[in-house]
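Down below is the structure, laid out as structure tokens.
There are 2 protein chains.
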Amino acid sequence: MGDLKLPSLDPTSDRPVFKQIADHLRAAIESKALTPGEKLPSESQLIGHYEVARMTVRHALQILQSEGLTVAQHGKGVFVRPRPPVRRLASDRFARQHREQGKAAFIAETEGVGAKPSVDSITIKEEKPSQDIALRLGLSDADRVVVRARRYLIDGHPVETATSYIPASIARNTRIAEPNSGPGGIYARLEELGHRLDHFTEEIRARMPLRDEARALRLAPGVPVFHLVRTAYDQAGRAVEVCDTVMSSDAYVLSYELPAQ
Amino acid sequence: MGDLKLPSLDPTSDRPVFKQIADHLRAAIESKALTPGEKLPSESQLIGHYEVARMTVRHALQILQSEGLTVAQHGKGVFVRPRPPVRRLASDRFARQHREQGKAAFIAETEGVGAKPSVDSITIKEEKPSQDIALRLGLSDADRVVVRARRYLIDGHPVETATSYIPASIARNTRIAEPNSGPGGIYARLEELGHRLDHFTEEIRARMPLRDEARALRLAPGVPVFHLVRTAYDQAGRAVEVCDTVMSSDAYVLSYELPAQ
DNA sequence: CGGTACGGCTCGTCTAGACGACTAGGTGTC
DNA sequence: GACACCTAGTCGTCTAGACGAGCCGTACCG
Numbered sequence: 289m290g291d292l293k294l295p296s297l298d299p300t301s302d303r304p305v306f307k308q309i310a311d312h313l314r315a316a317i318e319s320k321a322l323t324p325g326e327k328l329p330s331e332s333q334l335i336g337h338y339e340v341a342r343m344t345v346r347h348a349l350q351i352l353q354s355e356g357l358t359v360a361q362h363g364k365g366v367f368v369r370p371r372p373p374v375r376r377l378a379s380d381r382f383a384r385q386h387r388e389q390g391k392a393a394f395i396a397e398t399e400g401v402g403a404k405p406s407v408d409s410i411t412i413k414e415e416k417p418s419q420d421i422a423l424r425l426g427l428s429d430a431d432r433v434v435v436r437a438r439r440y441l442i443d444g445h446p447v448e449t450a451t452s453y454i455p456a457s458i459a460r461n462t463r464i465a466e467p468n469s470g471p472g473g474i475y476a477r478l479e480e481l482g483h484r485l486d487h488f489t490e491e492i493r494a495r496m497p498l499r500d501e502a503r504a505l506r507l508a509p510g511v512p513v514f515h516l517v518r519t520a521y522d523q524a525g526r527a528v529e530v531c532d533t534v535m536s537s538d539a540y541v542l543s544y545e546l547p548a549q
Numbered sequence: 289m290g291d292l293k294l295p296s297l298d299p300t301s302d303r304p305v306f307k308q309i310a311d312h313l314r315a316a317i318e319s320k321a322l323t324p325g326e327k328l329p330s331e332s333q334l335i336g337h338y339e340v341a342r343m344t345v346r347h348a349l350q351i352l353q354s355e356g357l358t359v360a361q362h363g364k365g366v367f368v369r370p371r372p373p374v375r376r377l378a379s380d381r382f383a384r385q386h387r388e389q390g391k392a393a394f395i396a397e398t399e400g401v402g403a404k405p406s407v408d409s410i411t412i413k414e415e416k417p418s419q420d421i422a423l424r425l426g427l428s429d430a431d432r433v434v435v436r437a438r439r440y441l442i443d444g445h446p447v448e449t450a451t452s453y454i455p456a457s458i459a460r461n462t463r464i465a466e467p468n469s470g471p472g473g474i475y476a477r478l479e480e481l482g483h484r485l486d487h488f489t490e491e492i493r494a495r496m497p498l499r500d501e502a503r504a505l506r507l508a509p510g511v512p513v514f515h516l517v518r519t520a521y522d523q524a525g526r527a528v529e530v531c532d533t534v535m536s537s538d539a540y541v542l543s544y545e546l547p548a549q
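In order, the protein sequence lines correspond to chains A and B.
Here my numbering is used: the first residue of the first sequence is 289, the next is one more, and so on.
Here my numbering is used: the first residue of the second sequence is 289, the next is one more, and so on.
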């Protein structure tokens with residue numbers, strides 16, 4: 289930090305001062321002159337180096353933060369944002385073979401890489417589905433759904449929230465409507481209930497998090513989320529579950545395999 | 289706009305003033321009191337309503353912008369960001385049946401919804417691949433690749449940049465190394481060259497755009513991108529192409545189908 | 001009638017400062 | 001030794017202004 293060499297401003301450039309400062313710092317980060325976790329020069333140091341007002345320096349720092357490159361810590365400094373280890377989600381993660389060892393997909397995967405998985409904030413209700421959910425599940429106006437919401441954590445860090453919607457006609461008074469859905473998770477319960485799973489569809493969007501999502505996932509500013517909606521179909525072609533998932537985008541890489549025909 | 293009712297500040301709250309103002313405006317947008325394309329109250333109007341300094345109002349507006357909710361237009365005002373029509377990419381989009389009508393996937397899909405597709409900035413080079421690309425293509429140190437870069441537009445709006453890497457041993461001196469790769473695109477050429485395609489893998493990340501990407505895709509602030517890396521394998525199990533794609537995340541929904549076994 | 005100039009509105013950049021709150025380390029007291 | 005306190009350094013919030021630049025409608029002039 290003390291030995292970081294920052295260029296001077298180019299007074300002939302049309303580029304505003306705060307963008308030039310942001311460019312310098314961004315270049316330092318991208319060139320690894322500043323490494324993840326390392327402290328950037330403090331606001332006072334930048335003010336001294338560039339001889340500009342504090343708001344100008346703060347504006348530059350704010351840009352980097354909104355790009356997800358840095359995080360500020362009150363009273364300590366501004367740091368290059370460390371990247372969490374990435375979880376790779378493969379498209380066969382719901383294959384029956386993975387389920388039959390009695391573990392839900394998330395638990396099995398996470399333990400597989402030596403980390404401690406946990407689940408919290410489990411809530412279960414029965415309610416009238418939104419129009420979108422009703423459409424995906426093929427329900428009519430009078431039908432109701434069991435809603436299972438929960439949050440997944442790895443080593444205590446939240447990485448994903450998920451909300452499942454299952455037609456009440458299937459799930460009511462079963463273990464699916466209990467907080468602990470039992471070994472293998474709700475997909476195992478659905479199969480026991482005679483809904484042998486055939487395939488899933490997944491829709492993936494990416495966007496900036498809503499306020500609640502940023503809080504629930506403890507997201508740093510400038511980190512987008514994956515918004516994933518999965519629908520499970522049984523062999524009769526009936527949609528038996530919709531799962532709405534929000535994931536921190538820098539904790540995940542999604543991976544799929546596509547046939548060529 | 290003139291009839292938009294904004295609450296007053298809560299002086300008893302610990303929440304900073306600029307966040308309260310951002311909350312009010314965000315709520316107005318989310319409740320559709322302000323609709324996409326509509327103009328927000330001007331800075332002066334907000335200063336008058338809340339009786340705060342201009343920087344405080346600007347700070348609030350900047351938050352909304354970094355969330356991708358608004359866009360500012362110099363000299364005109366701040367507007368609720370209109371959402372572009374969404375393109376849905378299905379997991380069978382590279383299926384042979386779609387290719388055999390002689391059109392590349394992008395062209396066929398886009399015309400299918402009545403919009404005008406175009407492609408520009410086509411560049412072709414031959415070079416030494418990066419370590420990552422070499423690994424994905426299973427190449428050794430001396431091997432080279434043909435690199436095809438291009439940008440896709442819909443009705444003149446850029447939506448996607450793509451860079452394909454094909455082993456030079458396959459593509460050199462073929463139509464793949466020509467700007468116009470011919471009917472059906474490079475996948476059709478690869479099959480003609482005896483590399484009958486078997487399957488693809490896709491890796492999906494989401495993140496904030498780099499500066500160049502934001503420029504090339506004309507992205508509004510606060511809009512993340514999908515970063516998609518697709519590898520094509522022929523029936524001999526050989527990787528024959530890697531395609532590195534960056535897409536505006538609000539122009540796309542990615543859709544996949546997963547088997548249950 | 002057509003073009004130009006102007007004024008008023010908008011957001012963009014930048015300054016100079018005040019005060020608050022959090023962190024960490026050192027000092028002093030008990 | 002344990003604890004409270006102080007202080008310097010950091011970022012967070014907010015004020016009050018200045019000037020610039022883009023957009024647009026209107027009044028004026030040719």
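We put the beta carbon where it would ideally sit given N, CA and C, even for glycine.
Computed from a predicted model, the values in this text were never measured in an experiment.
Classify residue i as helix, strand or coil using the three-state DSSP reduction.
i       : result
D380(B) : coil
F306(B) : helix
E339(A) : coil
A450(B) : strand
R477(A) : helix
S418(A) : coil
L334(A) : helix
A561(A) : This structure leaves residue 561(A) out entirely; chain A is present only between 289 and 549.
L292(B) : coil
Just confirm the distance between the C-beta atoms of residue i and residue j, as a whole number of angstroms; I'd bet it's less than 8 Å.
i       : j       : result
V434(B) : H483(B) : About 14 Å separates the two Cβ atoms, so there is no contact after all.
V517(A) : D538(A) : With a Cβ gap of about 20 Å, V517(A) and D538(A) do not count as contacting.
F382(A) : Y440(A) : With 8 Å as the limit, F382(A) and Y440(A) do not qualify as a contact, their Cβ atoms being about 15 Å apart.
Y360(A) : E414(A) : Checking the sequence shown, residue 360(A) turns out to be Ala, not Tyr. Rounded, the Cβ-Cβ distance is 43 Å, inconsistent with contact.
A494(A) : A494(B) : 4 Å
A450(B) : T533(B) : 5 Å
S543(B) : T489(A) : 7 Å
L313(A) : A348(A) : 7 Å
R438(B) : V407(B) : 5 Å
R460(A) : S469(A) : With 8 Å as the limit, R460(A) and S469(A) do not qualify as a contact, their Cβ atoms being about 14 Å apart.
L485(A) : Y453(A) : Rounded, the Cβ-Cβ distance is 16 Å, inconsistent with contact.
E545(A) : H487(B) : 6 Å
L357(B) : Y540(B) : Their Cβ separation, rounded to whole angstroms, is 19 Å, which puts L357(B) and Y540(B) out of contact at 8 Å.
Along chain A, which residues have their Cβ under 8 Å away from the Cβ of residue i?
i       : result
Q549(B) : A383, R384 and Q385
P512(B) : A494, R495, M496, P512 and S537
Could you spell out the range, first to last residue, of the alpha helix (DSSP H) harbouring residue i?
i       : result
R342(A) : R342 to S354
L357(B) : From DSSP, L357(B) is part of no alpha helix (DSSP H); its letter is neither H nor E.
T462(B) : Run containing T462(B): none; DSSP gives neither H nor E here.
R503(A) : R499 to A504
G400(A) : A393 to G400
Within the continuous beta strand (DSSP E) that includes residue i, where are the two ends?
i       : result
D298(A) : Neither: D298(A) is in no beta strand (DSSP E) and is coded neither H nor E.
A520(B) : V513 to D522
What are the residues that DSSP puts in a beta bridge with residue i?
i       : result
K327(B) : F367(B)
H386(B) : Paired residue(s): none; H386(B) is not in a bridge.
S406(B) : L441(B)
S428(B) : DSSP output for S428(B) lists no bridge partner at all.
H487(A) : Y521(A) and P547(B)
S536(A) : V513(A)
P372(A) : P372(A) is not bridged to any residue.
L542(A) : L377(A) and I492(B)
A318(B) : The sequence shown places Glu at residue 318(B), not Ala. Partner(s): none; E318(B) has no beta bridge.
V530(A) : Y453(A) and T519(A)
Kindly list, in the order they appear in chain B, the residues whose Cβ is closer than 8 Å to that of residue i.
i       : result
E331(A) : In chain order: nothing, as chain B lies at least about 16 Å away.
Taking residue i as the query, report the chain A residues whose CB atoms sit under 7 Å from its CB, ordered along the chain.
i       : result
H487(B) : E545, L546, P547 and A548
S354(B) : S354
S379(B) : Y544 and L546
Using the beta-carbon of each residue, which ones in chain A are nearer than 9 Å to residue i?
i       : result
E491(B) : R376, V541, L542, S543 and Y544
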